[in-house]
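Novice: Counting along the sequence shown from 1, when you hit position 313 you're at 312 in numbering that gives the first Met the number 0, and nothing is skipped either side. Glycine residues also receive a C-beta, built at the ideal position from the N, C-alpha and C atoms.
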Amino acid sequence: MDKKVIIFIMVVALIIITGGFLLVKPYFFPAKNGPGWISSQESINKGEVVAPAKVLEVVLDYNSAAKPKLAVAGLTIKNGYAPAVEATKKEYKLEIWGGSDILETVFFDVPNKFGEEEAAPSAQKVTFILTAGWVANADALRIMDSAGSIVLAKKLENIPEIDNQPNFETLSQNTPGVLGKIMSFFWPPAVSAVGDGYLDIVFVGDKYADQSAFKAEIEAYRNRLEQIEPFKSRAGQIKYRNIFKFDGGYCKLAPGASFPVCDTAKVQNDVNSAAVPNDKIVILLNNPQNGGTFSGASYGGFSAINATCCSAVINWLPIPQYQDTTTASSVFVHEMGGHLLGGLIDEYQVPGGQSSLANSNCYEGPRPNSAWLDLVAPNDYVQGCYTPTAWRSYEKSIMGQEPNIDYFNAPSQQIINAKMDAFTRAFVNTSAPTVAIISPSAGSTVSGTVAVSATLSDDLGIARVNLYVDGILYKTQYLAPFNFSWNSATFSNGPHQLEVRAYDVPGNMGSAKVMVTVADGGNVQVPLAKGAQEGESLITMPAGVYTITENMALGWDFGSVVCDSAYTTGDSKAMNVKVTAGKTTTCTFTNCSNDESTAPKITSISPLDAKEDGAGFKMTINGSNFTTGSKVVFKEKERTTTFISGQQLTAQIPADALTLAGVFEVTVTNPATSPACNKQISNSRKFTIKSSLAAPQKPKPNEDFTNPPTGTGGGDFLVPDNP
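1) Using 7 Å as the threshold, is the C-beta distance between P480 and D457 below it?
2) Name the two residues that bound the continuous beta strand (DSSP E) containing I237.
3) For the putative contact between D278 and F422, defined by C-beta atoms under 8 Å, what is the C-beta separation to the nearest angstrom?
4) Counting along the chain, where does the alpha helix (DSSP H) carrying D269 start and finish?
5) Residues bridged to D126 by DSSP?
6) Can you list, in chain order, the residues of its chain whose CB lies under 6 Å from that of S484, leaving out five sequence neighbours each side?
7) Quick one: grab the DSSP three-state call for P387.
8) Measuring alpha carbon to alpha carbon, tell me which of L372, K124 and I76 ends up nearest D162.
9) Output yes or no for whether 7 Å exceeds the beta carbon distance between C309 and I280.
10) Could you check how far apart the C-beta atoms of L284 and F293 are, in whole angstroms? I think they sit under 8 Å.
11) Check for me: the beta strand (DSSP E) holding N465 runs from which residue to which?
12) Give me the Cβ distance between P410 and V375, rounded to the nearest whole Å; I'm assuming they're in contact under 8 Å.
13) Give the single residue among I200, A370, W36 and A139 whose Cα lies nearest to the Cα of A83.
14) Identify which residue in A425, L455, S430 and N428 has its Cα closest to the Cα of I437.
15) Comparing C-alpha positions only, which one of S430, A435 and T475 sits nearest to M508?
16) Return yes when the Cβ of F245 is within less than 7 Å of the Cβ of F202, no when it is not.
17) Can you tell me which of the three DSSP states M419 falls into?
18) Among the residues of its own chain, which have a CB less than 6 Å from the CB of G247, if the five just before and after it don't count?
19) Which residues in the same chain have their Cβ closer than 8 Å to the Cβ of D144, if we skip the five residues on either side of it in sequence?
20) Ordered along the chain, which non-local residues of its own chain (more than five positions away) have a Cβ less than 6 Å from that of S232?
21) Tell me which same chain residues have a C-beta within less than 7 Å of the C-beta of S359, skipping the five on either side of it?
22) Please say whether Q400 and W390 have beta carbons closer to each other than 7 Å?
23) Check whether the Cβ of A306 lies closer than 6 Å to any heavy atom of the ligand ADP, and answer yes or no.
24) Quick check on the DSSP output: the alpha helix (DSSP H) that includes V330 runs from which residue to which?
25) Using the three-state DSSP reduction, which class does N378 fall into: helix, strand or coil?
26) Once you ignore the five residues that flank P670 on each side, which residues in its own chain have a CB closer than 6 Å to its CB?
27) Grouping DSSP H, G and I as helix and E and B as strand, with all else coil, what is P494?
28) Considering only C-alpha positions, which residue in the set A256, K153, I217 and V260 is nearest to P110?
29) Can the beta-carbon of H338 be found closer than 7 Å to that of S396?
30) Helix, strand or coil, according to DSSP, for D108 in the structure here?
31) Can you name the residues that DSSP bridges to D458?
32) Tell me, please, which residues DSSP counts as bridged to I344.
33) If you draw a straight line from the C-alpha of G645 to the C-alpha of S596, how long is it?
34) Which one or two residues does DSSP pair with S603 in a beta bridge?
35) Assign A453 to buried or exposed, taking buried as 16 or more other Cβ atoms, counted over all protein chains shown, within 10 Å of its Cβ.
36) I'd like the list of long-range same chain contacts for F490, defined as Cβ closer than 6 Å, with 5 residues on each side in sequence excluded.
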């Protein structure tokens, strides 16, 4: 081939390669100019989001006292984006019809008046907005309840149309790494006419003096969210946007209220008018540290549950834990990531908390929860998850009362991942973490508390690490360096397998195992796996004499221990037991609940008083945690008690209990779990027996009443009020 032709081909190839690199360089290797915001038009021009389509904005009025409870208050056709539809059970669904076809469906619940904590459908009136994709041949709207009954139907005709244009900004620096960009290049997000394939979080503000402070807080909240899994690994699938509303006048704090009431219909209207992709909407409330509009609030965040609008966060409050300005960013993760997106509930006991806990981050029922098997260690169950008796899956998490915790627990991560998939493509990654156990070393002999550590790595990051002993989940860690403390004294002497398993957000797992030998010098500590008399553990040990003690579980006190061995000595909490080859010795530990949330509680009694030497009567006691074995105690004696329900008892008070005037306590006892335990005793209420003697006469003006009238006995007759 002619040399000139070869040179020409090489030059053309070089031009093509250089041009191709320059074309893809901004995508895979963007200039690092720090955080920045890009306009809506630039987002559309870059193809990050498609141009807006037509949407139908439906304004609904809810009135719990009306029939029907829902009414259409307004309809407007706008340019914009309808939020992605989540496959979650809701109380109602809105259908847009065209002829005999359903064109669009939106599932929804009636929100609370935002900032007020009573749940719908309690007596309330609230206005809210739904947004659905608009199709030109749509001719009717229908709302149905979960039972399939039609709540309302309305013809779609003469609907006003607004030619609003996109007017928003997008935070530019939450792009994925090179690997994520390669994935996005070949498997792009599912862009549609009413969405962009990302989780779109839209921010509006209230009481900010300028746009720059508002944007700075959005960036801080973004940074905090992306420190915590699963958002850290899925950062490339999230977009943060604002609509230039930094003093929208959305929220007001009434005197004595615990949180501002916000006009979410106004928020949703402004978001739709800005033609911005929106899956979740967040209201940021500015409260200057020198005393602002929202200083009277008693907590820093509030959210709708599993909805589009809204979460609200106050950036500072004169309350100890909220005076650290970084706390607000953690409250944002709790409210938006946990409540608004994940539909999670608070992992602490809420006064009067009642909730449907099925398929949530809390569990009501006997342990173990079948949905949490191989996800939550038996030792990690902790009671007090929204309700007093529900279980949470770890001691702490960012859904608890301590705001600056750096993780969601395993069930919460699982739920949030599934919810994110409704807005983005499924998160796919097949690279498993690598694990190597450092300590203890394979073949070593251990005793007492053993430190277990490992080296871990993953291309995304480690979401959680589990420790297994003999194939059974022992403990979970969520924070680096993911070290464990293993109490070998709760296991028999001899060989045991330790396994460390590391998981990333997509669920890939890497593991490592070592065999060790436990030699605890003849001491055996028996773990209490459940509650009193609820289970047994079979431990195989060489013949010898062992000291048997119990590793008490949270919420229980030691009651008694009895062993059937021919050789047993020791005190009430530990027994020296002789184990004979080929024979089984059984030690029974009886334990007593110290959980005050299960004790009986009295809220009121009726009547509150009776006359001295009067006739017997029936007393009614109202409260909670009453059982069929509950007894009413009056004047230090158990009275004949009738169980009505868990909230009510009646007791027969005989005439011989009314022979002495005074104020006496009424209590309720529940039976002990065993003879070794004490009865559970309630709080007390006061009952007054009024004296049968005549009350002293009121002295006349200027009358000397130093000496009482005959027959009064010379005493005061003061009857205290029942508290």
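Specialist: Looking at the coordinates:
1) Along the sequence shown, one-based indexing puts residue 480 at 481. Along the sequence shown, one-based indexing puts residue 457 at 458. No, the pair does not count as a contact, with Cβ atoms beyond the cut-off.
2) Here residue 237 corresponds to residue number 238 of the sequence shown, with the count starting at 1. Taken as a continuous stretch (DSSP letters only), the beta strand (DSSP E) holding I237 covers I237 to N241.
3) Against the sequence shown, residue 278 aligns to sequence position 279. Against the sequence shown, residue 422 aligns to sequence position 423. Between F422 and D278 the Cβ distance is about 5 Å, and since that is below 8 Å, they are a contact.
4) Residue mapping note: residue 269 aligns to position 270 of the sequence shown, counting from 1. Taken as a continuous stretch (DSSP letters only), the alpha helix (DSSP H) holding D269 covers T263 to S272.
5) Along the sequence shown, read from residue 1 onward, the residue named residue 126 stands at position 127. Reading off the sequence shown, one finds Thr at residue 126, where the question assumed Asp. In the DSSP output, where bridge partners are listed per residue, T126 has D60.
6) Taking the sequence shown and counting its residues from 1, the one referred to as residue 484 is at position 485. These residues qualify, in order along the chain: T448.
7) Your numbering for residue 387 matches position 388 in the sequence shown. Here P387 sits in strand by DSSP.
8) In the sequence shown, counting from the first residue as 1, residue 162 sits at position 163. Checked all of L372, K124 and I76; the closest Cα to D162 is I76.
9) Numbered from its first residue, the sequence shown carries residue 309 at position 310. Numbered from its first residue, the sequence shown carries residue 280 at position 281. Closer than 7 Å, so yes.
10) On the sequence shown, residue 284 is found 285 positions in, with the first residue counted as 1. On the sequence shown, residue 293 is found 294 positions in, with the first residue counted as 1. The pair is a contact, with the Cβ atoms about 5 Å apart (cut-off 8 Å).
11) What you label residue 465 is simply residue 466 of the sequence shown in a count that begins at 1. First-last of the beta strand (DSSP E) with N465: R463 to V468.
12) In the sequence shown, the residue the question calls residue 410 occupies position 411. In the sequence shown, the residue the question calls residue 375 occupies position 376. About 7 Å; that satisfies the 8 Å criterion.
13) Position 84 of the sequence shown, counting from 1, holds the residue named residue 83. Closest option to A83, Cα to Cα, is I200.
14) Within the sequence shown, the letter at position 438 stands for residue 437. Measuring from the Cα of I437, the nearest candidate turns out to be L455.
15) Translated into the one-based positions of the sequence shown, residue 508 becomes position 509. M508 has its Cα closest to that of S430, out of S430, A435 and T475.
16) Your numbering for residue 202 matches position 203 in the sequence shown. Your numbering for residue 245 matches position 246 in the sequence shown. Against a cut-off of 7 Å, the Cβ pair of F245 and F202 comes out as no contact.
17) Position 420 of the sequence shown, counting from 1, holds the residue named residue 419. In the structure shown, M419 sits in a helix (DSSP, three-state: H, G or I).
18) Start at 1 with the first residue of the sequence shown, and residue 247 comes out as number 248. These residues qualify, in order along the chain: V203 and D205.
19) In the sequence shown, residue 144 corresponds to position 145, counting from 1. Cβ neighbours of D144 beyond the five flanking positions: E90, Y91 and V150.
20) On the sequence shown, residue 232 is found 233 positions in, with the first residue counted as 1. Answer for S232: L459, G460 and V504, listed in chain order.
21) The residue you call residue 359 lines up with position 360 of the sequence shown. Hits under 7 Å: L343 and I344.
22) Start at 1 with the first residue of the sequence shown, and residue 390 comes out as number 391. Start at 1 with the first residue of the sequence shown, and residue 400 comes out as number 401. Not closer than 7 Å, so no.
23) Within the structure as shown, the ligand ADP is missing, as the structure has no ligands at all.
24) Here residue 330 refers to the residue found at position 331 of the sequence shown. Start and end: T326 to F331.
25) Walking along the sequence shown from the start, residue 378 turns up at place 379. Three-state result, N378: helix.
26) Reading the sequence shown from its first residue, position 671 is the one you call residue 670. Excluding sequence neighbours, P670 sits near G628.
27) Counting from one through the sequence shown, the residue named residue 494 turns up at place 495. Strand, per DSSP.
28) Within the sequence shown, residue 110 is the residue found at index 111, counting from 1. Ranking the options by Cα distance to P110, first place goes to V260.
29) Numbered from its first residue, the sequence shown carries residue 338 at position 339. Numbered from its first residue, the sequence shown carries residue 396 at position 397. Not in contact: H338 and S396 (Cβ atoms no closer than 7 Å).
30) For the purposes of this step, residue 108 is taken as residue 109 along the sequence shown, with counting starting at 1. If DSSP states are grouped into helix, strand and coil, D108 belongs with coil.
31) For the purposes of this step, residue 458 is identified with residue 459 of the sequence shown, where counting begins at 1. The partner list for D458 (beta bridge, DSSP) is empty, contrary to what the question assumes.
32) Along the sequence shown, one-based indexing puts residue 344 at 345. For I344, which the question treats as bridged, DSSP gives no partner whatsoever.
33) The sequence position of residue 645 within the sequence shown is 646, counting from 1. The sequence position of residue 596 within the sequence shown is 597, counting from 1. So the alpha carbons of these two residues sit roughly 14 Å apart.
34) Within the sequence shown, numbered from 1, the residue matching residue 603 stands at position 604. S603 pairs with N621.
35) Here residue 453 refers to the residue found at position 454 of the sequence shown. Result: buried.
36) Stepping through the sequence shown from its first residue, residue 490 is reached at position 491. Here the set comprises V517.
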